[in-house]
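Colleague: Sequence order for the protein chains is A and B. Going letter by letter, the first sequence gives residues 3 to 364 in this note's numbering. Going letter by letter, the second sequence gives residues 3 to 364 in this note's numbering. No residue lacks a Cβ here, since even glycine has one placed at the ideal position from N, Cα and C. In this text, all values refer to a predicted model and were calculated from it rather than measured experimentally.
Protein chains: 2
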Amino acid sequence: MTHASRTLRIDLGDRSYPIHIGAGLLADRARLEAGLPAGPLLVVSNETVAPRYLPRLRAALAGRELRECVLPDGERYKTQATLARVYDALAAGRVSRDGAVIALGGGVVGDIAGFAAATWQRGIAVAQLPTTLLAQVDSSVGGKTAVNHPAGKNLIGAFHQPCVVIADLDSLATLPERELKSGLAEVIKYGLIRDAGFLDWLERELPRLLRRDPEVLAEAVARSCAIKAELVSLDERESGPRALLNLGHTFGHAIEAATGYGEWLHGEAVAVGLVLAAETSRRLGWLAAADVLRVRELVLRAGLPAKAPRIGAERALELMALDKKVLAGRVRLVLLKRLGEAVVSGDYDPSVLEAVLEAEVA
Amino acid sequence: MTHASRTLRIDLGDRSYPIHIGAGLLADRARLEAGLPAGPLLVVSNETVAPRYLPRLRAALAGRELRECVLPDGERYKTQATLARVYDALAAGRVSRDGAVIALGGGVVGDIAGFAAATWQRGIAVAQLPTTLLAQVDSSVGGKTAVNHPAGKNLIGAFHQPCVVIADLDSLATLPERELKSGLAEVIKYGLIRDAGFLDWLERELPRLLRRDPEVLAEAVARSCAIKAELVSLDERESGPRALLNLGHTFGHAIEAATGYGEWLHGEAVAVGLVLAAETSRRLGWLAAADVLRVRELVLRAGLPAKAPRIGAERALELMALDKKVLAGRVRLVLLKRLGEAVVSGDYDPSVLEAVLEAEVA
């Protein structure tokens, strides 16, 4: 059986790797084998994804030495304790430096499994097999791996590029509605930071995206990955332009932390963050009120929240100050010069940020 | 106050850094400041070292934002649980990407603090201030960081080069006898793998080393670091010649794991490992019986054990199979072609290894 698929490439010298996007890829033995090293393999998945997709992966990898580690599902399990379970499985499976971790699931599975691979025996290979829209367009690509610390999201982590990313679009068919919408927040983000044309396209094609039209989904995943690939290839470790990918995330992380990880989905918090970033940009005189409205409307049409929970302005600032982009005590924000062009800035009037938080979260 | 000191350099492109070796360096404000970034600092030390050396470091860094995290002393605390304490201190101290961890102590402190720095916010700076001979000649240099997993030593780790290594020779004056000898095992290792002349020098100067003659200690530390610097600069991530530095370590790690981390000091286990590696090399026809005797004698004269504990040949093989150098199920060993020339080999008759283990540990 052959499937139509597209392949993008992350260019990072000897850490370069392909991103395959298409239907039926989880059952594509040749493609999987081509991306994996020869040694023992540990599949890390979760209780929701494993029953659905692990059997076809198992069949495709029949004959390979394959261990499995099935984690509980949810952001609240993205902890040091869950990570310890993956290490235990790696030890029990005697996964050595010629082996690999296979992350089969959404962003949480990919982040934990990726971090375990980054740190097991000082780094073994990881193949990312994202099964959610959010993971396919964002978290599986670019090598950011992490678990949460009680003080903040993703505070414990590493840069560790996968050996391959295989995004099987079939897995989006069974994705819960709320998860699909959460992924759309990241898709919208790409339009906002880098590609006004993509933003127009999204506004037009949103109904078909929400109906999960396979062709439109394929296009959304591929265009998102292309923007991410460009920024990651330019700046692997986020010393420069890669930080643009965090549009909406500093606000979003504060919401996730304040409400307890898991109540808000990551994409939902990011959606609110996109609106707050647009609003902050407006108050700085960069965006027109109509631009902010356009962002808010697209977010709402995607079935995402546009209003922040009332976590308090002070608490929000406190949580934002834990952000990894803090430099010299200053929260650097990703803001919008215009729709389709984001900038990273620590050089804004702090009273503007305070005013936005007073208005939106107090 | 000025002090005589020497500076070596690890050449790794934009990850290059200096190693300063000399007396009084922990009180040398200018040297410390030159090596540290501008942001908040967390000193990680242990209950033995902190009372002795933290006050002078605190004085030298007066005016800097300095937090402290004092861990229990000993290899058995090199665990995920202890690591979690360092993360908690980093969060409480709001140590951000422009800050640094300062590792003040021996190998265990350096490994845990280095790994915490490698993974906090996906990597912040770490300054290594080794206070034991073992840490000064080996573990503080080269960027290997790790904690232990119940299944094996250093199974959880990362490569993360320090921003500076500052080895204050004064700290060796108060080092317990057993710790000093443990460090000598690594010093002897350097002679065996790379420098027959250094081995001759060690045999000659051993009595002065054991009396802690400052000049001889300075020479031993500097020559050891020079060999390590050469191999690390050639091969940062141990895909080639750097693995030579593990002479004696695959045996040694098995001893440490079998006896429970902490009963044997690392250097003591390595000392036995050096003898077993020499003996294996003899049985492969590479060393003469007189060479093995020479190794055994130097180890014994340094006050180190040359005989393995009876952990059982099968158990030893099992533990060695968890070694990070395993490839395709084969334990690769560092062996000696002659004294002063080590090689990494997976291509040996396994019955020779079994025979050595039967004779030495069964």
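Going by DSSP, which residues form a beta bridge with Thr147(A)?
Modeller: For the purposes of this step, residue 147(A) is identified with residue 145 of the first sequence, where counting begins at 1. Answer is Ala160(A).
Colleague: Pull the bridge partners of Glu232(A) from the DSSP assignment, please.
Modeller: Within the first sequence, the letter at position 230 stands for residue 232(A). Glu232(A) is not bridged to any residue.
Colleague: Once you ignore the five residues that flank Pro53(B) on each side, which residues in its own chain have a CB closer than 7 Å to its CB?
Modeller: Here the question's residue 53(B) lines up with position 51 in the second sequence. Around Pro53(B): no qualifying Cβ.
Colleague: For Thr4(A), which of helix, strand or coil comes out of DSSP?
Modeller: Within the first sequence, residue 4(A) is the residue found at index 2, counting from 1. Bear in mind that the predicted position of Thr4(A) carries a pLDDT of just 44, short of 50, making it too unreliable to give a figure here.
Colleague: Which whole-angstrom value is the C-beta distance of Ile104(A) and Val45(A), which I expect to be below 8 Å?
Modeller: Indexing the first sequence from 1 puts residue 104(A) at position 102. Indexing the first sequence from 1 puts residue 45(A) at position 43. Correct: roughly 5 Å between the Cβ atoms.
Colleague: Is DSSP giving Glu343(B) helix, strand or coil here?
Modeller: If you number the second sequence from 1, residue 343(B) lands on position 341. Here Glu343(B) sits in strand by DSSP.
Colleague: By a C-beta neighbour count over all protein chains shown, 10 Å radius and 16 as the cutoff for buried, is Thr176(A) buried or exposed?
Modeller: For the purposes of this step, residue 176(A) is taken as residue 174 along the first sequence, with counting starting at 1. Thr176(A) should be labelled exposed.
Colleague: List the endpoints of the continuous beta strand (DSSP E) containing Ser184(B).
Modeller: Residue 184(B) sits at position 182 when you count from the first residue of the second sequence. Counting along the chain, Ser184(B) falls outside any beta strand (DSSP E), though it belongs to the alpha helix (DSSP H) covering 179-196.
Colleague: In the DSSP assignment, the alpha helix (DSSP H) including Tyr89(A) goes from what residue to what residue?
Modeller: Locating residue 89(A) in the first sequence gives position 87, where the first residue counts as 1. Where Tyr89(A) is concerned, the enclosing alpha helix (DSSP H) stretches over 82-94.
Colleague: Using only alpha-carbon positions, find the residue among Pro352(A), Leu306(A), Leu300(A) that is nearest to Glu316(A).
Modeller: Locating residue 316(A) in the first sequence gives position 314, counting from the first residue. Among Pro352(A), Leu306(A), Leu300(A), the Cα nearest to that of Glu316(A) belongs to Pro352(A).
Colleague: For a contact meaning CB atoms closer than 7 Å, what does His151(A) contact in chain B?
Modeller: Taking the first sequence and counting its residues from 1, the one referred to as residue 151(A) is at position 149. In chain order: Tyr89, Ala93.
Colleague: Kindly indicate which three-state DSSP category Pro42(A) falls into: helix, strand or coil?
Modeller: Working through the first sequence from its first residue, we reach residue 42(A) at position 40. In the structure shown, Pro42(A) sits in coil (DSSP, three-state: anything other than H, G, I, E or B).
Colleague: Per DSSP, which residues does Ile313(A) bridge with? Please list them.
Modeller: For the purposes of this step, residue 313(A) is taken as residue 311 along the first sequence, with counting starting at 1. Answer is none; Ile313(A) lacks a bridge partner.
Colleague: Let me confirm a value: Thr50(B) is counted as buried when at least 16 other C-beta atoms fall within 10 Å, else exposed. Which label applies?
Modeller: Indexing the second sequence from 1 puts residue 50(B) at position 48. Thr50(B) comes out buried.
Colleague: To the nearest angstrom, report how far apart Ala245(B) and Ala198(A) are at their CA atoms.
Modeller: Here residue 245(B) is taken as the residue at index 243 of the second sequence, counted from 1. Here residue 198(A) is taken as the residue at index 196 of the first sequence, counted from 1. Approximately 51 Å between the Cα atoms of the pair.
Colleague: I'd like to confirm the pairing. Which residues does DSSP put opposite His22(B) in its beta bridges?
Modeller: Residue 22(B) sits at position 20 when you count from the first residue of the second sequence. His22(B) is bridged to Thr9(B), Ile168(B).
Colleague: Could you check which residue in Val358(B), Arg124(B), Ala127(B), Ile126(B) has the C-alpha nearest to that of Lys309(B)?
Modeller: Position 307 of the second sequence, counting from 1, holds the residue named residue 309(B). Residue Val358(B) is the option with its Cα nearest to Lys309(B).
Colleague: Starting from Ala160(A), find everything on chain B with Cβ-Cβ shorter than 8 Å and list it in chain order.
Modeller: Position 158 of the first sequence, counted from the first residue, corresponds to residue 160(A). Ordered by position in chain B, the residues that pass the 8 Å Cβ test against Ala160(A) are Ala120, Thr121, Arg124, Gly125, Ala160.
Colleague: Kindly say whether Arg96(A), judged by its beta-carbon, lies nearer than 8 Å to any beta-carbon of chain B.
Modeller: One-based indexing of the first sequence puts residue 96(A) at position 94. Interface residue, yes.
Colleague: Which class does Gly242(B) belong to by DSSP, given the choice of helix, strand or coil?
Modeller: Mapped onto the second sequence, residue 242(B) falls at position 240. Of the three classes helix, strand and coil, the one that applies to Gly242(B) here is coil, per DSSP.
Colleague: Span of the beta strand (DSSP E) holding Val103(A)?
Modeller: Position 101 of the first sequence, counting from 1, holds the residue named residue 103(A). Per DSSP, Val103(A) belongs to the beta strand (DSSP E) from 102-107.
Colleague: Who does Glu70(A) pair with in a DSSP beta bridge?
Modeller: One-based indexing of the first sequence puts residue 70(A) at position 68. In DSSP, Glu70(A) forms a bridge with Val45(A).
Colleague: Are the C-beta atoms of Gln82(A) and some chain B residue less than 8 Å apart?
Modeller: As a position in the first sequence, residue 82(A) is number 80, starting the count at 1. Yes, Gln82(A) lies at the interface with chain B (some Cβ there is under 8 Å from its Cβ).
Colleague: Closer than 8 Å, Cβ to any Cβ of chain B: which residues of the segment 284-308 of chain A, in chain order?
Modeller: Answer in chain order: no residues at all.
Colleague: Can you tell me where the alpha helix (DSSP H) holding Pro152(B) begins and where it ends?
Modeller: Residue numbering aside, residue 152(B) sits at position 150 when the second sequence is read from its first letter. That residue, Pro152(B), is in no alpha helix (DSSP H); it is neither H nor E in DSSP.
Colleague: Quick check on this structure: which residue in Ala279(B), Arg312(B), Ala169(B), Ile12(B) has the alpha carbon closest to the alpha carbon of Val336(B)?
Modeller: Here residue 336(B) refers to the residue found at position 334 when the second sequence is read from its first residue. Ranking Ala279(B), Arg312(B), Ala169(B), Ile12(B) by Cα distance to Val336(B) puts Ala279(B) first.
Colleague: Using a Cβ-Cβ cutoff of less than 6 Å, which residues in the same chain neighbour Ala127(A) once the five nearest sequence positions on both sides are dropped?
Modeller: Locating residue 127(A) in the first sequence gives position 125, counting from the first residue. Only Pro39, Ala102, Cys165 meet the Cβ criterion.
Colleague: If contacts are defined as beta-carbon pairs under 8 Å, then Ala187(B) and Ala273(B) qualify, I think. What distance do you get, rounded to the angstrom?
Modeller: Sequence index remark: in the second sequence, residue 187(B) carries index 185 (1-based). Sequence index remark: in the second sequence, residue 273(B) carries index 271 (1-based). Rounded, the Cβ-Cβ distance is 4 Å, consistent with contact.
Colleague: Could you list which residues in chain B have their beta carbon closer than 8 Å to that of Ala86(A), in chain order?
Modeller: For this step, residue 86(A) is matched to residue 84 along the first sequence. In chain order: Gln82.
Colleague: Is the distance from the Cβ of Pro152(A) to the Cβ of Gly95(A) below 8 Å?
Modeller: What you label residue 152(A) is simply residue 150 of the first sequence in a count that begins at 1. What you label residue 95(A) is simply residue 93 of the first sequence in a count that begins at 1. Contact: no.
Colleague: What does the alpha-carbon distance come out to for the pair Ser98(A) and Glu299(A)?
Modeller: Position 96 of the first sequence, counting from 1, holds the residue named residue 98(A). Position 297 of the first sequence, counting from 1, holds the residue named residue 299(A). Going from the Cα of Ser98(A) to the Cα of Glu299(A) covers about 50 Å.
Colleague: Identify the contact partners of Glu259(B) in chain A, using a Cβ-Cβ distance below 9 Å as the criterion.
Modeller: Indexing the second sequence from 1 puts residue 259(B) at position 257. One detail in the question is off: residue 259(B) reads as Ala in this sequence, not Glu. The contacting residues do not exist; Ala259(B) stays about 12 Å from chain A at best.
Colleague: Considering only residues of the same chain and omitting the five flanking positions on each side of Ile313(B), which have a CB-CB separation below 6 Å?
Modeller: Against the second sequence, residue 313(B) aligns to sequence position 311. Closer than 6 Å at Cβ, skipping near neighbours: Ala260, Val363.
Colleague: Along the chain, where does the beta strand (DSSP E) containing Ala129(B) start, and where does it finish?
Modeller: Along the second sequence, read from residue 1 onward, the residue named residue 129(B) stands at position 127. 127-132 is the extent of the beta strand (DSSP E) around Ala129(B).
Colleague: Let me confirm a value: Asp349(B) is counted as buried when at least 16 other C-beta atoms fall within 10 Å, else exposed. Which label applies?
Modeller: Numbered from its first residue, the second sequence carries residue 349(B) at position 347. Classification of Asp349(B): exposed, given that the 10 Å Cβ count is below 16.
Colleague: So which residues on chain A does Ala148(B) lean against when the C-beta distance must stay under 8 Å?
Modeller: Residue numbering aside, residue 148(B) sits at position 146 when the second sequence is read from its first letter. By Cβ distance, chain A contributes Arg124.
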